[in-house]
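Residue numbers (the working numbering): 314 to 803.
All C-beta atoms in this analysis are idealised placements derived from N, C-alpha and C, irrespective of residue type, glycine included.
Keep in mind it's a predicted model, so treat the numbers as computed, not measured.
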Amino acid sequence: MAKLTARSEDYSKWYNELVVQADLAQHSDVKGCMVIKPYGYAIWENMKDVLDRKFKETGHQNAYFPIFIPKSYMSKEAAHVEGFAKECAVVTHYRLKNDPETGGVVVDPDAKLEEEFIVRPTSETIIWNTYRGWVQSYRDLPILINQWANVVRWEMRTRLFLRTAEFLWQEGHTAHATKIEAVDEARKMLEVYADFAEGWMAMPVIKGVKTESERFAGAEDTYCIESLMQDGKALQAGTSHFLGQNFAKAFDVKFQSKEGSQEHVWATSWGVSTRLMGALIMTHSDDKGLVLPPKLAPLQCVIVPIHKGEEQLQAIHEKCTPLIDSLKEADVSIKFDDDDSKRSGWKFAEYELKGVPVRVAIGPRDMENGTVEIARRDTGEKTLVKIEEASAHIQKLLTAIQDNLFNTAKDYRETHITKVDTWDEFKEVLDEKGGFVEAHWDGTAETEDKIKDLTKATIRCIPLNAEKEDGKCVLTGNPSTQRVLFAKAY
RNA sequence: CGGGGCGUAGCGCAGUCCGGUUAGCGCACCUGGUUUGGGACCAGGGGGUCGCAGGUUCGAAUCCUGCCGCCCCGACCA
């Protein structure tokens, strides 16, 4: 296996090589689409399981809506169609036929659809068209539904996990009787995302709200969690939208209130995608390969025996059995790697590439001394431990690794949030240091645009916890009441 | 859509400029043996419509024409 390109040499190349070499995903024969390989999918499944549990704990149910959306639905909400029209895949026919000339198949021109279908880029339209039939009374509300699905956005340029033409995600779509309830829902789900990102992915995030120009197409407010990657670029890790009554009005979803009046429903939608895989990789991994937080690692601990011959292997396996049983008992996923076709050194490198948090090595020396060598993936540190104490040690270590990954990422982020007050500083920090820049902004889309043109940086968010502070816009000098976060972003 | 690069064994590549034995190398794979505390070694072996379609030629991976596909950088975006 070839060595990975160092991050310092070419971050983007490192990322691409890591995804492929760690066996997470590969490019498919279809442009812009990826094959998620079993190891990558196992990580996604772990993420999905945690999120799904959290959604259910907050009162949501899963449902499923069609992948195809009648074209006319897309145009019912003006901002929405504007946002997605340029990247929609369209189904125009429903049949193929044999082509006598080539021996292959061609689209049957007689099988043209009356109305084309859009392959969903997101499901607001078809879901709100369905909700119309579900809601008559305030007693039918709220509707709290999540869908796990694939969506298609015909992106011009794609990158494994970060931006693919087809991706997997979840999309929550809720309907409420009041504005305040809908806003609360959107905020609540933002908290769920933030809690997941920090507690499971060990990825610190900043909660904020998007500016008008960065807002979801059709939303009144877009809340987001923003994280910082190792190369100093920001990544939007999840969004939760307060949709107002826009979709209810577009799809005529009304209910009769307690008082007897007809009211439009208030809506939210929220989603995270396989992009989180990219975020996870770029938050923790190093030049040796993937680094996974124990809470999401498909394999948390691997035991590599070092042996000569079948007999020794058997003896080592027997010696390890109590340790393996004890770890299983404690719900630690554990593998005893008795594959005899690979040498131990090869295995060490391989498990490091795959980000397994804890590696245990045991050979003749340890058999004699009653020890095992325990190595942690995050720091590379190795410790000799009595085999009887190994299980407890490993369990503590998994927690320590989870914490260390979060703290390291958080330290990095804290040192990469820079307060600036002048335009020169602003440019200098973006060019040389990267990360988030905290600066005053005059609140206009024109200024935002201009800054983007000049520096490629966008306003990632207006942080929810930002203190009010009078200042002057970093570009125009116009008055501002609070700082916002700028960064170059994925 | 602009700029760059590439298409030859499962993967990574050389060979193409300047046409000429049986298309080669590394990794991977198969067999046997020796090995095993940080990506082992030796010996033997299998695997190719050289992206596709035409053309030039005694002869094309190599020259000409057309087409297709992918990757990277930018504009667009979760």
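- Item | Beta-carbon contacts of Trp793 that lie in its chain and below 8 Å, excluding the five residues immediately before and after | A quick correction: the sequence has Ser, not Trp, at residue 793. If we look at Ser793 and ignore the five residues flanking it on each side, its Cβ neighbours are His753, Trp754, Asp755, Gly756, Asp783, Gly784, Lys785, Cys786.
- Does DSSP put Pro807 in a helix, a strand or coil? Because the chain is modelled from 314 through 803, residue 807 falls outside the range shown and cannot be assessed.
- Item | Spatially closest choice to Thr435 from Gly747, Pro670, Phe529, by CA coordinates | Phe529
- CA nearest to the CA of Lys425, picked from Ile439, Tyr407, Val419: Tyr407
- Message: I need the straight-line Cα distance from Leu589 to Phe474, nearest angstrom please.
- Response: Between Leu589 and Phe474, the C-alpha separation is close to 8 Å.
- Message: Classify Lys699: buried if its beta carbon has 16 or more other beta carbons within 10 angstroms, exposed otherwise.
- Response: For Lys699, the number of other beta carbons within 10 angstroms of its own is below 16, and it is reported as exposed.
- How long is the line joining the alpha carbons of Glu437 and Gly591, rounded to whole angstroms? 25 Å
- Would you mind sorting Ser518 into buried or exposed? The rule is 16 or more other CB atoms within 10 Å of its CB. The amino acid occupying residue 518 in the given sequence is Val; Ser does not appear at that position. So Val518 counts as buried.
- Message: What would DSSP say about Val448, mapped onto helix, strand or coil?
- Response: coil
- Query: Do the stretch 459–468 and the stretch 326–333 make contact, defined as three or more Cβ pairs closer than 8 Å?
  - Reply: The count of Cβ pairs closer than 8 Å, one atom from the stretch 459–468 and one from the stretch 326–333, stays below three, leaving the stretches out of contact.
- Query: Helix, strand or coil: how does DSSP classify Lys316 here?
  - Reply: coil
- Item | Residues bridged to Glu322 [DSSP beta-bridge criterion] | Its beta-bridge partners do not exist; DSSP assigns none.
- Query: DSSP beta-bridge partners for Tyr536?
  - Reply: Val522, Ser553
- Hey, how far is the Cα of Ser574 from the Cα of Asp362? 41 Å
- Message: Tell me the DSSP secondary structure of Leu640 in three-state form.
- Response: helix
- Pair every Cβ in the stretch 597–614 with every Cβ in the stretch 576–583, then say whether three or more of these pairs are closer than 8 Å. They do not touch, by the three-pair rule.
- Once you ignore the five residues that flank Ala507 on each side, which residues in its own chain have a CB closer than 7 Å to its CB? Val518, Lys520, Ile538
- Run the CB neighbour count on Pro677, radius 10 Å, all protein chains shown included, and call it buried at 16 or more, exposed below. exposed
- Message: Between Thr275 and Ile456, how many whole angstroms is the CB-CB distance? I'm expecting something under 8 Å.
- Response: Nothing about residue 275 can be read from this structure; the chain reaches only from 314 to 803.
- Phe860 to Leu331 span [Cα, whole Å]: Outside the modelled stretch of the chain, which goes from 314 to 803, sits residue 860, for which no answer is possible.
- Message: Rounded to whole angstroms, what is the Cα-Cα separation between Tyr354 and Leu481?
- Response: Looking at the two C-alpha atoms, the distance is approximately 11 Å.
- Give the DSSP bridge partners of Cys774, in chain order. Leu798
- Query: DSSP on Leu666, reduced to helix/strand/coil?
  - Reply: It is helical.
- Nearest to Phe749 by CA position, among Leu548, His489, Ala561, Asn717, is which residue? Leu548
- Query: Cβ of Val505 within 9 Å of Cβ of Thr318?
  - Reply: no
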